[in-house]
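For what it's worth, the numbering used here labels the leading residue of the sequence shown as 420, then goes sequentially.
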Amino acid sequence: MSDTFPDQTALVLFSGGQDSATCLAWALARFNRVEMLGFSYGQRHAIELDSRDKLLAGVKALNPGWAAKLGDSHTLDIPTLSAISDTALTRDVAIEMGADGLPNTFVPGRNLVFLTFAAALAYRRGITHIIGGMCETDYSGYPDCRDDTIKALQQALNLGMAKNFTLHTPLMWRDKAATWALAHELGGQGLVDLIREHSHTCYLGERGALHDWGYGCGKCPACELRAKGWRAFAATAV
């Protein structure tokens with residue numbers, strides 16, 4: 420594994436979703452110590468934050484080596500993001516496409532804000548590696564998930580804080596099937612089962628019946644992407 424950092428600490432944006440749980444495992448396989456950061460911003464699916472404890476407990480049970488690397492888990496409250504956002508992720512409205520071609524689940528500036536707060540926390544804690552689950556391969560078209568956006572923000576953060584931060588996006592060029600496959604590569608069937616059963620992706624916060632791909636309403640864009648990716652992954656895994 421060429422991109423390993425055995426003497427470094429990483430900060431993972433850890434929401435409790437499929438992507439961030441996979442990124443956590445990716446970081447644990449590469450760094451000496453890993454801290455986590457989640458955001459409470461008035462999201463409808465705030466239940467995702469409650470998923471983190473079960474995911475962390477599962478990761479510790481799966482791999483004692485990873486357990487030894489897990490550091491502090493942080494949560495930042497940024498309710499202002501919800502206050503200035505009129506979106507289906509922060510309001511009880513139907514999910515639909517907007518006139519600009521973006522779904523109304525897009526929260527303007529969200530990833531820019533998240534990564535800026537992450538860099539500020541990382542600065543204080545002496546961390547220069549920040550990991551996020553942004554992806555522009557199999558996503559809803561959010562402009563703040565694009566690789567160009569992340570690269571530009573990295574440059575701005577480095578200039579503005581006089582630090583050499585590296586923003587890692589291991590899922591950038593992976594679709595959801597490949598993200599499931601990465602989880603299997605990193606932690607075997609145990610990690611896949613943990614993410615399937617205990618991560619949360621559904622925009623509506625639905626935790627009803629357990630589908631073969633996990634919990635969720637099965638109809639929102641996040642569930643549809645997750646289910647589609649699972650089916651493609653399962654077809655190749657048999």
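Think of the CB as a built atom: it goes at the ideal place given N, C-alpha and C, for glycine as much as any other residue.
Nearest candidate by alpha-carbon position, reference residue i, set the options
i    : options                   : result
Q437 : A628, D505 and M553       : M553
L447 : F458, D426 and G457       : D426
W599 : W445, T423 and L432       : W445
Y622 : Y460, D422, T535 and P640 : P640
L474 : K638, I614 and H493       : I614
L605 : V431, C442 and F433       : C442
Y561 : S618, T506, A429 and F433 : T506
D472 : G609, Y542, F433 and A502 : F433
Separation of residue j from residue i, as counted between CA atoms
i    : j    : result
L572 : A653 : 36 Å
G627 : W485 : 30 Å
M656 : G435 : Per the sequence presented here, residue 656 reads as Ala, with Met not at that position. Roughly 24 Å between the two C-alpha positions.
V453 : L468 : 18 Å
I466 : T620 : 10 Å
G457 : F533 : 9 Å
G477 : L578 : 38 Å
L430 : M455 : 5 Å
L531 : F525 : 13 Å
T428 : R650 : 35 Å
D422 : N482 : 20 Å
G609 : R543 : 35 Å
L601 : G607 : 9 Å
Contacts around residue i, its chain only, beta-carbon distance under 7 Å, and the 5 residues preceding and following it disregarded
i    : result
R529 : L500 and D563
P527 : S504
G637 : H630 and A646
S470 : G435, H617, S618 and H619
C642 : T620, C621, G635 and C636
L644 : D557 and K595
D491 : E454
Chain-order list of residues whose beta-carbon lies under 8 Å from that of residue i (same chain, five-residue window excluded)
i    : result
T588 : I550, G551, G552, M553, C554, D566 and I569
K479 : W485, A486 and L489
A538 : I549, L576, M580, K582 and F584
F424 : R449, F450, N451 and H548
A502 : G461
Beta-carbon contacts of residue i that lie in its chain and below 6 Å, excluding the five residues immediately before and after
i    : result
M591 : C554 and D566
H603 : V611
L586 : I549, I569 and Q573
E625 : G635 and C636
Distance between beta carbons of residue j and residue i, contact taken as under 8 Å
i    : j    : result
G648 : A596 : 5 Å
H493 : L540 : 6 Å
S459 : D496 : 5 Å
D594 : T556 : 5 Å
P498 : G461 : 5 Å
**Report entry** 3 or more residues per run - each beta strand (DSSP E) lying fully within the region 439-470
**Finding:** Unbroken beta strand (DSSP E) stretches of 3 residues or longer found wholly inside the region 439-470: 450-459, given in chain order.
Query raised in the report: What residue ranges within the region 580-617 form continuous alpha helix (DSSP H) runs of no fewer than 4 residues, ordered along the chain?
Result: Correct list: 595-617.
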